[in-house]
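Listed below in structure tokens is the structure:
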């Protein structure tokens, strides 16, 4: 501790202060609070840290073993994208085949179909599901009655708590030939459509159900961000003659911009992994031409047909695109807007 | 001690007091339109649930004719009796319950201890221990390596461990807990350790009892996601008697829509075969969530808020 400087000049005026610090240091488990973290750990060697805090380190054992086995071992397991895996053989594969499996899917026409399906579905989801919660949060924010606001929030959060199996079940029932959607179509004089047998309808249905399920819950972080905006800004703007729309445009939206950027980066990162479970539950072979995405294709060829190495190569490709997207979105956002995840 | 989790965030507070100055006509029109829009949002959100309930209490004929919307037609509760008398349904329902409880306990044990350790400033190597968890948020091993690990390497095919263990650490939950523990008054722990409590003692007798709010929140987070999960069970379990109720339901729907074995012209009407049974099963599956919903929602909201404050 750098007490010597200021304490020495003060001399006998404050004899108690260094004493307190000394006691605190002797008490092995106690670290004085004003000491910053960096100071604290820089001085300790690992041996000393382990001896002093061994009990604290025992808390880490089980979680670290867990992370190692269930998170990092599968990452290493990606090596089988480059090695031929045989059931019953080594879990890291048996022989090196280089980029064989990558070439296999790049030369596969079916792969490109699912690749573009993924990009289109992911792009539509991002384009529609990202801005809507912001709009809804702004609308909610304009409600005068707190009770009404709570009421709308409670209802709009509900779908978020449903299992994807339930959501898929509801979607299938509503879009059935005699379901509600077709009743509306017929009420307007149209003919009933077999939605789940028509490839051209899948994207609309998927994105609509995604909106239904996520929009309400998506407002939550924006509403939290709205509470942090200084109300004096609004007062000043009103005195300057800004109307509601101008206040929203010049104060509210810039105020929630950091939240918007963070969520946008996160959304971009999961762009390639479009709701795998929901797509898997909703699709059927009749609509594969639009409803088959990389992850469901991977499930079918990798797990169901047991082509493990081929499937892993596709999965690795998908994960790397996701990682590159997150990193670049974050870098761009940091440079342009000044908000970033890290 | 102020408890950030029980405090309901004051969202209404931010609304600028536009009323003090005179509202323009345009703004008044907007407010009416706004109320209409939000009412529509509520209606659209609720409709599928109300429709589900109506179908569950209707008779199959009316559903097939497309005559059930919000009000049950041909009121019947026999389907409830039929679904509930299926022994497989009850076995699967009980499995869901067991997986949820067991999985939550395991997840909470790992998350709480890890979050506490990495929240202590005196822990050397803290940045590293946080970093290796956060990295897994952005890059993961992928479906097949995970599958090989669980099914081949650990041999957990047809074992409930495949359901309750691999998902036991959510990094988001970990970070929320960590920031909660970081805000913990250090004086309390200092005082306790001066009085002779070991780190274990401080954790068990001081930290845990004072963290009931965050523990309850995280327990709910894990329990809801385990209750709703289906994919790991679908992936690793073949034995019908081990399925959770979500997989039971999924198989029911898949059988009705013929997604399992569509060869070409699956008739659209197949969807409605057993729509009544499907609705009843769906309703029974979501029942616990609906019952606890007001409670769950409050906790989730404050938990997410707490996580977002940290950023």
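Chains as they are written, first to last, in my numbering: chain Y, -7 to 334; chain S, 141 to 451. Backbone N, C-alpha and C fix where the C-beta goes; we use that ideal spot for every residue, glycine too. All values reported here derive from a predicted model rather than from experimental measurement.
- Of the other Cβ atoms in all chains shown, 16 or more fall within 10 Å of the Cβ of residue 109/Y; this residue is therefore buried.
- For residue 45/Y, the enclosing alpha helix (DSSP H) starts and ends at 38 to 59.
- As the crow flies, the alpha-carbon of residue 181/S is around 16 Å from that of residue 120/Y.
- Inter-residue distance for residue 297/S and residue 316/S is about 33 Å (C-alpha atoms, whole angstroms).
- Comparing alpha-carbon positions, the option among 87/Y, 137/Y, 320/Y and 66/Y lying closest to residue 304/Y turns out to be 66/Y.
- Rounded to the nearest whole angstrom, the CA to CA distance from residue 263/S to residue 307/S is 26 Å.
- Spanning the alpha carbons of residue 55/Y and residue 254/S requires a straight line of approximately 6 Å.
- In the same chain as residue 133/Y, and ignoring 5 residues on each side of it, the C-beta atoms closer than 6 Å to its own belong to 218, in chain order.
- Only residues of its own chain outside the window of five on either side were considered, and among them 261, 262, 263, 264 and 265 have a CB closer than 8 Å to the CB of residue 314/Y, listed in chain order.
- Chain S places a beta carbon closer than 7 Å to that of residue 216/Y, counting this residue as a contact.
- Annotated three-state conformation of residue 88/Y is strand, per DSSP.
- Each of 94/Y, 195/Y, 62/Y and 256/Y was checked against the Cα of residue 300/Y, and the nearest Cα belongs to 94/Y.
- Contact between the region 91 to 107 of chain Y and the region 178 to 192 of chain Y is absent: fewer than 3 CB-CB pairs across the two stretches fall below 8 Å.
- Contact residues of the region 161 to 172 of chain Y toward chain S are 161, 162, 164, 165, 166, 168, 169, 170, 171 and 172 (C-beta to C-beta distance below 8 Å).
- Between residue 365/S and chain Y, the shortest Cβ-Cβ separation is not below 7 Å.
- For secondary structure counted as the alpha helix (DSSP H) over 4 or more consecutive residues, the region 267 to 339 of chain S holds these complete runs in sequence order: 283 to 287, 301 to 304, 311 to 322 and 326 to 334.
- Per DSSP, residue 244/Y lies in no alpha helix (DSSP H) segment and is marked neither H nor E.
- Under the DSSP assignment, residue 83/Y falls outside any alpha helix (DSSP H); it carries neither an H nor an E label.
- In this structure, DSSP gives residue 75/Y an extended state, which the three-state scheme calls strand.
- Rounded to the nearest angstrom, the gap between the Cα atoms of residue 268/Y and residue 90/Y is 28 Å.
- Chain-ordered listing is empty here: chain Y has no CB closer than 8 Å to the CB of residue 213/S, the nearest sitting near 13 Å.
- Shown here, residue 299/Y sits in coil according to DSSP, grouped into three states, outside any helix or strand.
- DSSP, read as helix, strand or coil, puts residue 135/Y in coil.
- Closer than 8 Å at the C-beta level to chain Y, one finds these residues of the region 338 to 363 of chain S: 338, 339, 340 and 343.
- From the listed residues 375/S, 414/S and 358/S, the smallest Cα separation to residue 219/S is found for 414/S.
- Chain order gives the chain Y residues near residue 171/S as 134, 135 and 136, where near means a beta carbon separation below 9 Å.
- Residue 247/S and residue 309/S do touch by the CB rule: their CB atoms are close to 7 Å apart, below 8 Å.
- From the beta-carbon of residue 38/Y, the residues of chain S found nearer than 8 Å are 264 and 265.
- Counting along the chain, no alpha helix (DSSP H) covers residue 99/Y, and no H or E run does either.
- Residues of chain Y whose Cβ lies closer than 9 Å to the Cβ of residue 370/S are, in chain order, 155, 156, 157, 269 and 273.
- At a cut-off of 7 Å, the C-beta of residue 279/Y has no neighbouring C-beta in chain S.
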